[in-house]
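A.B. asks:
2 protein chains.
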Amino acid sequence: MADHTPTRAERREATARRILEAAQHEFGAHGDGATIRSIARRAGVDPSLVLQHYGSKQALFSLAVRPVSDLEGEDVPAHLAEVLDVRLRELPASTKALMRSMLTSAEAAEAMSVYLRERAARLAEAMPDDHAELRAALVVSSIMGITIARHFLDLPALEDADGDDVAALVDSWTSTAP
Amino acid sequence: MADHTPTRAERREATARRILEAAQHEFGAHGDGATIRSIARRAGVDPSLVLQHYGSKQALFSLAVRPVSDLEGEDVPAHLAEVLDVRLRELPASTKALMRSMLTSAEAAEAMSVYLRERAARLAEAMPDDHAELRAALVVSSIMGITIARHFLDLPALEDADGDDVAALVDSWTSTAP
DNA sequence: GTCTATATACCGATAGAC
DNA sequence: GTCTATCGGTATATAGAC
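Protein sequence lines, in the order shown, are assigned to chains A and B.
The numbering used here numbers the first residue of the first sequence as 12 and each following residue consecutively.
The numbering used here numbers the first residue of the second sequence as 12 and each following residue consecutively.
#1: Contact criterion: CB-CB distance below 8 angstroms. Does Asp140/B meet it with respect to chain A?
#2: Scan the region 119–183 of chain B and note each continuous alpha helix (DSSP H) run of 4 residues or more that stays entirely inside, going in chain order.
#3: Just to confirm my understanding: we take Leu109/A, look at its own chain, exclude 5 residues before and 5 after, and list those with CB closer than 7 angstroms. What are they?
#4: Between Gly157/B and chain A, is the shortest Cβ-Cβ distance under 8 angstroms, so that the two count as touching?
#5: So which residues of chain A does Ala117/B contact, with C-beta pairs closer than 7 angstroms?
#6: Please identify the residue among Ala172/A, Phe38/A, Gly44/A and Glu129/A whose C-alpha is closest to the C-alpha of Glu101/A.
#7: Any chance the region 126–139 of chain B sits against the region 55–73 of chain B, with 3 or more Cβ pairs inside 8 angstroms?
#8: Quick check on Arg28/A: buried or exposed, where buried means 16 or more other Cβ atoms within 10 Å of its Cβ?
#9: Among Ile154/A, Ala168/A, Val56/A and Gly66/A, whose alpha-carbon lies nearest the alpha-carbon of Val97/A?
#10: Which same chain residues, not among the five before or five after Asp81/A, have their C-beta less than 8 angstroms away from its C-beta?
#11: Is the CB-CB distance between Asp43/A and Thr115/A below 8 angstroms?
#12: Apply the 10 Å Cβ neighbour rule to Leu74/A and answer buried if 16 or more other Cβ atoms are within range, or exposed otherwise.
#13: In whole angstroms, give me the CA-to-CA distance for Val150/B and His90/A.
#14: Starting from the beta carbon of Phe163/A, find every residue of chain B whose beta carbon is closer than 7 angstroms, and list them in chain order.
#15: Buried or exposed for Arg111/A, please, with buried defined as at least 16 other CB atoms from any protein chain shown within 10 angstroms of its CB.
#16: Are there 16 or more other CB atoms within 10 angstroms of the CB of Val177/A, so buried, or fewer, so exposed?
#17: Under 8 angstroms between beta-carbons, which chain A residues line up against Gly44/B? List them in chain order, please.
#18: Could you give the residue range of the alpha helix (DSSP H) that holds Asp96/B?
#19: Need the endpoints of the alpha helix (DSSP H) that Ala108/B sits in, please.
#20: Counting C-beta neighbours from all protein chains within 10 Å, is the total for Glu170/A 16 or more, i.e. buried, or is it exposed?
#21: Between the Cα of Arg146/B and the Cα atoms of Met113/A, Leu127/A and Gly174/A, which residue gives the shortest distance?
#22: What does His41/A touch in chain B if you count any residue whose Cβ is under 8 angstroms from its own?
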């Protein structure tokens with residue numbers, strides 16, 4: 012495991028990974044309007060290599076905006092508060108790429124819609140009363156809006172928001188009966 | 012006021028208005044990636060006429076995404092519930108164009124940020140406790156997220172949401188102390 | 001006043017040199 | 001295996017014919 016000259020296959024795989032990471036950052040910064048040329052520039056490779064590895068811009072985009080699944084939590088409201096707390100501080104590259112593109116790319120919009128529906132369904136199960144489905148949809152949509160305001164619109168009030176301050180608010184969303 | 016042959020200036024103004032409305036719909040459907048050609052096609056005019064009237068695509072975009080100011084309400088929480096109720100059912104063309112473009116256009120992002128800050132400041136004044144600023148920002152951001160989920164992601168649970176159902180929820184956001 | 005023609009630039013994708 | 005050169009397409013914007 013000490014020193015070990017990388018094979019060509021390993022070097023190729025490492026290059027492919029660098030390209031994918033560059034694509035996530037470019038799509039995260041400019042949405043689906045990001046160009047293959049800019050992705051290649053960020054990755055430090057030739058533009059033709061991007062297509063050599065991933066076939067087309069569309070295929071690379073699909074990989075870059077694939078959301079990381081984080082639905083394994085048990086205590087849903089507590090998990091939700093943790094999600095919001097984390098989202099207020101940082102945003103994974105793939106998630107940022109997905110959110111940045113979801114209003115101008117039909118594929119990204121569908122991916123986000125599926126993700127929100129799954130999360131809302133999980134949350135609705137943990138809710139007591141009859142309006143659970145609607146309220147769960149409102150909660151997950153609100154978290155999305157807060158994430159956008161924090162990371163894409165740079166609302167000053169959310170810059171230094173403390174996780175503890177918002178936890179109680181989220182709790183009131185899920186427990187208070189309207 | 013009966014019959015009256017329109018002058019050239021009147022016809023020109025009517026054409027300009029049709030172009031602006033077409034631009035709002037195109038920007039609302041495709042974001043800032045909408046093309047002058049598609050705008051002209053929707054308006055039923057030649058593409059060069061669009062630039063003849065508005066100078067550049069950027070200038071037309073700035074006019075199309077200018078949000079309509081609706082901050083004259085007195086009872087802020089009640090006004091807010093009404094806003095959310097209206098937003099769940101329909102979305103003005105200029106607002107749709109602004110929201111659709113705000114993640115891929117720096118100008119639209121800044122316009123939306125200013126709009127949210129103004130609304131949050133108004134709301135914070137009507138709030139009692141010390142976390143008013145943060146909570147007001149969370150509320151207006153949540154409304155934005157719900158609007159996106161309803162009109163751009165087509166969340167089924169929000170399709171037929173009743174305004175009365177959400178009013179109480181919004182009220183709990185503004186009155187419950189965390 | 002309105003439209004045809006075009007200048008200029010950049011896009012994704014491909015073919016072939018090395 | 002990697003990169004140069006380029007094709008075909010489309011965009012904004014302009015100039016000039018009518």
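Beta carbons: idealized from backbone N, C-alpha and C, even for Gly.
C.D. replies: In short:
#1: Indexing the second sequence from 1 puts residue 140/B at position 129. With 8 angstroms as the cut-off, Asp140/B does not count as an interface residue toward chain A.
#2: Runs found: 143–162 and 167–170.
#3: Translated into the one-based positions of the first sequence, residue 109/A becomes position 98. Correct list, in chain order: Val76, Pro78, Ala119, Ala122 and Met123.
#4: Counting from one through the second sequence, the residue named residue 157/B turns up at place 146. Note on identity: in this sequence residue 157/B is Ile, with Gly being the wrong assignment. Output row for Ile157/B: interface = yes.
#5: Looking up residue 117/B in the second sequence gives position 106. Those within 7 angstroms of Ala117/B in chain A number zero; the least Cβ separation is about 10 angstroms.
#6: As a working note, residue 101/A is residue 90 in the first sequence. Per the Cα distances, Ala172/A.
#7: With the cut-off at 8 angstroms, the region 126–139 of chain B and the region 55–73 of chain B do not touch.
#8: Taking the first sequence and counting its residues from 1, one reaches residue 28/A at position 17. Classification of Arg28/A: exposed, given that the 10 Å Cβ count is below 16.
#9: To locate residue 97/A, count along the first sequence from 1; it is residue 86. The shortest Cα separation from Val97/A among Ile154/A, Ala168/A, Val56/A and Gly66/A belongs to Ile154/A.
#10: Here residue 81/A is taken as the residue at index 70 of the first sequence, counted from 1. Shown here for Asp81/A: same chain residues with a beta carbon closer than 8 angstroms to its own, the five before and five after excluded, namely Val94 in chain order.
#11: Along the first sequence, one-based indexing puts residue 43/A at 32. Along the first sequence, one-based indexing puts residue 115/A at 104. Yes, Cβ-Cβ distance for Asp43/A and Thr115/A is below 8 angstroms.
#12: Here residue 74/A is taken as the residue at index 63 of the first sequence, counted from 1. Exposure of Leu74/A is indicated by the presence of fewer than 16 other C-beta atoms within 10 angstroms of its C-beta.
#13: If you number the second sequence from 1, residue 150/B lands on position 139. If you number the first sequence from 1, residue 90/A lands on position 79. In this structure, the alpha-carbon of Val150/B lies about 21 angstroms from that of His90/A.
#14: Numbered from 1 along the first sequence, position 152 holds the residue referred to as residue 163/A. Here the neighbours are Leu114 and Ala120.
#15: Here residue 111/A refers to the residue found at position 100 of the first sequence. Burial call: buried.
#16: By one-based count along the first sequence, residue 177/A stands at place 166. Buried, by the Cβ-count rule.
#17: The count along the second sequence starts at 1 and reaches residue 44/B at position 33. Close partners of Gly44/B in chain A (Cβ separation under 8 angstroms): Gly44 and Thr115.
#18: On the second sequence, position 85 is the one that residue 96/B refers to. Taken as a continuous stretch (DSSP letters only), the alpha helix (DSSP H) holding Asp96/B covers Val87 to Arg100.
#19: As a position in the second sequence, residue 108/B is number 97, starting the count at 1. Where Ala108/B is concerned, the enclosing alpha helix (DSSP H) stretches over Ala104 to Ser112.
#20: Numbered from 1 along the first sequence, position 159 holds the residue referred to as residue 170/A. By the 10 Å Cβ count, Glu170/A comes out exposed.
#21: By 1-based counting over the second sequence, the position of residue 146/B is 135. Nearest C-alpha to Arg146/B: Gly174/A.
#22: Within the first sequence, residue 41/A is the residue found at index 30, counting from 1. Going along chain B in sequence order, the residues near His41/A (Cβ under 8 angstroms) are Thr115.
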